[in-house]
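Chemist: In this note's numbering, the protein residues as written are 25 to 275.
Below is one structure. I have some questions about it.
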Amino acid sequence: MCEKVRSKLEVCVDSVESAVIAQEAGADCLEVCANLIIGGTTPGVSQFKQIREACDIKLNVLVRPRSGDFLYTDAEFRMIREDIRMFRELGADGIVTGCLCPDGALDLDRMKEARACAGGLKFTLHRAFDVCRDPYQALEEAVLLGADTILTSGQAPDCLAGRDVLRKLLVLSDGRIEILIGGGVNAGVIRRLKEEIHADSFHMSGKCRVDSRMRYRNEQVSMGLPGLSEFEMFCTDGDEIRAARTALDRA
């Protein structure tokens, strides 16, 4: 009898503390990034090194030089290439990135270069896929590029809203490329999508707000986005990850 392959749970983290919590709560692998509050950007070298030392599961590194769209200048794409090579040398297991053309198509030339820079590492086309013009064409192109995974919400604000597209992507992928479902994932969503579209690979942050340890607080000065408190941080909630792991492992 063949052994059943365990369903996959990837957790995106932007701190050493979150990485340790996610691993202990049952994550199979981590997506390491910075600035999750703005969708994630390339992590710092010291952050990655500390997570590599603290965790013994696979680490996929987000390579995204800034927030916003996925149409990059020559200087930004040079950063992408150099960061991919650097994290490969530092011991990453995979690279997560994506580039688009102005017309919304996948930038095949740049994606080929990025794939080559990653060498033998696992390669994920991230949610640039969710804002591309034609997801079904992009799936075929990602397969030809040698990508291992597409991270997607089904081109919708969250994966439940995108489940019809996700269902079609899972059928079209036909085992050629992994469809990793992200965007609003929690235990309840996992249970629904396992049943409704037979999905078995999920990506989540499971983040919660954590109050600052500062006793003195000058709340008149903002260092970042309007409305975002300087005295709240976000951290992975171990209970959320454990619940998701349980939902995945139940038949």
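Even glycine gets a Cβ: it sits at the ideal position worked out from N, Cα and C.
Near ILE62, what residues of its chain come up, given a Cβ to Cβ distance below 7 Å and the 5 sequence neighbours on each side ignored?
Modeler: Answer for ILE62: SER91, listed in chain order.
Chemist: Please classify CYS79: does DSSP put it in a helix, a strand, or coil?
Modeler: In this structure, CYS79 counts as coil in the three-state DSSP scheme.
Chemist: Taking its Cβ as the centre, do 16 or more other Cβ atoms sit within 10 Å of GLN161, making it buried, or is it exposed?
Modeler: It is exposed - the Cβ of GLN161 has fewer than 16 other Cβ atoms within 10 Å.
Chemist: Since CYS125 and MET135 should fall inside the 8 Å C-beta cutoff, what is the C-beta to C-beta distance between them, to a whole number of angstroms?
Modeler: Not really, about 10 Å apart at Cβ, beyond 8 Å.
Chemist: Tell me the start and end of each unbroken alpha helix (DSSP H) in the stretch 156-232 that is at least 4 residues and wholly inside, in chain order.
Modeler: Complete alpha helix (DSSP H) runs here, min 4: 159-169, 187-197, 211-221.
Chemist: Comparing C-alpha positions only, which one of ASP182, GLU254, LEU86 sits nearest to ILE205?
Modeler: Ranking ASP182, GLU254, LEU86 by Cα distance to ILE205 puts ASP182 first.
Chemist: Considering only DSSP beta bridges, list what ALA58 is partnered with.
Modeler: Its beta-bridge partners are THR65.
Chemist: Who are the near neighbours of ARG139 in its chain, counting only those whose CB is closer than 8 Å to its CB and skipping five residues on each side?
Modeler: The residues are PHE147, LEU169, GLY170, ALA171.
Chemist: For the putative contact between ALA78 and PRO67, defined by C-beta atoms under 8 Å, what is the C-beta separation to the nearest angstrom?
Modeler: With 8 Å as the limit, ALA78 and PRO67 do not qualify as a contact, their Cβ atoms being about 14 Å apart.
Chemist: Could you pull the DSSP bridge partners for GLY118 from this structure?
Modeler: Note: GLY118 sits in a beta bridge opposite ASN84, LYS146.
Chemist: When every heavy atom of the ligand FMN is checked, does at least one fall within less than 6 Å of the C-beta of ALA129?
Modeler: By its list of ligands, the structure shown contains no ligand whatsoever, and the ligand FMN lies outside what it can speak to.
Chemist: My understanding is that ILE203 touches SER225, with C-beta atoms under 8 Å, so please give their C-beta distance in whole angstroms.
Modeler: Confirmed, about 7 Å.
Chemist: Among residues of its own chain, excluding the 5 on either side of VAL209, which ones have a beta-carbon nearer than 8 Å to its beta-carbon?
Modeler: Result list for VAL209: CYS183, PHE226, HIS227, MET228, ALA268, in chain order.
Chemist: Could you round the C-beta distance between PHE258 and LEU83 to whole angstroms and report it? I think they count as a contact, below 8 Å.
Modeler: Actually they are not in contact, since the Cβ atoms of PHE258 and LEU83 sit about 19 Å apart, beyond 8 Å.
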